[in-house]
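**Student:** Okay, here's the structure, questions in a sec.
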Amino acid sequence: MAQTGVQILFAFLLTLPFTQRFHEVTGEQRVVYLLTLGTAALATVCIIGPVSQHRILFQQGLKPELVQSTNRLANYGLVFLWISVVLSVFLIFDVVVSTTAAAIASAALAVVFLLVWYVQPMRIRARRQQRSS
């Protein structure tokens, strides 16, 4: 799912400069756009990277290394995806409503990402570890 999501987001971001209204964005909004594009590109590299690594290292007796590497890449990819989505929301709110609304919406979204993607699973893991101790 993350792979498809990051591909769609990245493709959308790649098309924005070619739209009619892109020339209307401010200099600050262009910086946010470029940061968003960069983090989406990094997310794409990290989330799709394990496919290439698996193809190259398949049946080479390196399964533990491959699992460790792909896990690390997936974790980095999710962080870059998180940042890219939050920046995308910031940019859209900034263009459509205001910078203040953009800051509030993107900060709230960042907190939700943090809670759902990291805090909740860490709490579940901690509870399981307590039960098994």
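Per our numbering: the sequence shown = residues 11 to 143. Ideal placement from N, C-alpha and C gives every residue a C-beta, glycine not left out. Since the model is a prediction, treat every value here as computed from it, not as a measurement.
1. Roughly how many whole angstroms lie between the Cα atoms of F103 and Q140?
2. Count the other CB atoms, across all protein chains shown, that sit within 10 Å of the CB of A50; report buried if there are 16 or more and exposed otherwise.
3. Does the count of Cβ pairs from the region 62-77 and the region 19-28 closer than 8 Å reach three?
4. Taking its Cβ as the centre, do 16 or more other Cβ atoms sit within 10 Å of T25, making it buried, or is it exposed?
5. Look at the alpha carbon of A117 and the alpha carbon of A136, and state the distance between them as a whole number of angstroms.
6. What is the residue span of the alpha helix (DSSP H) that S62 lies within?
7. Let me check understanding here. Comparing Cα to Cα, which of A111, L97, R138 and Y86 lies closest to C56?
**Tutor:** Let's see:
1. C-alpha separation (whole angstroms): 42 Å.
2. With 16 or more other Cβ atoms within 10 Å, it is buried.
3. Touching, no.
4. Counting other Cβ atoms within 10 Å of its Cβ, T25 stays below 16 and is therefore classed as exposed.
5. Distance between the alpha carbons of A117 and A136 is about 27 Å.
6. Secondary structure note for S62: its alpha helix (DSSP H) is the uninterrupted segment G37 to L67.
7. Residue Y86 holds the alpha-carbon nearest to the alpha-carbon of C56 among A111, L97, R138 and Y86.
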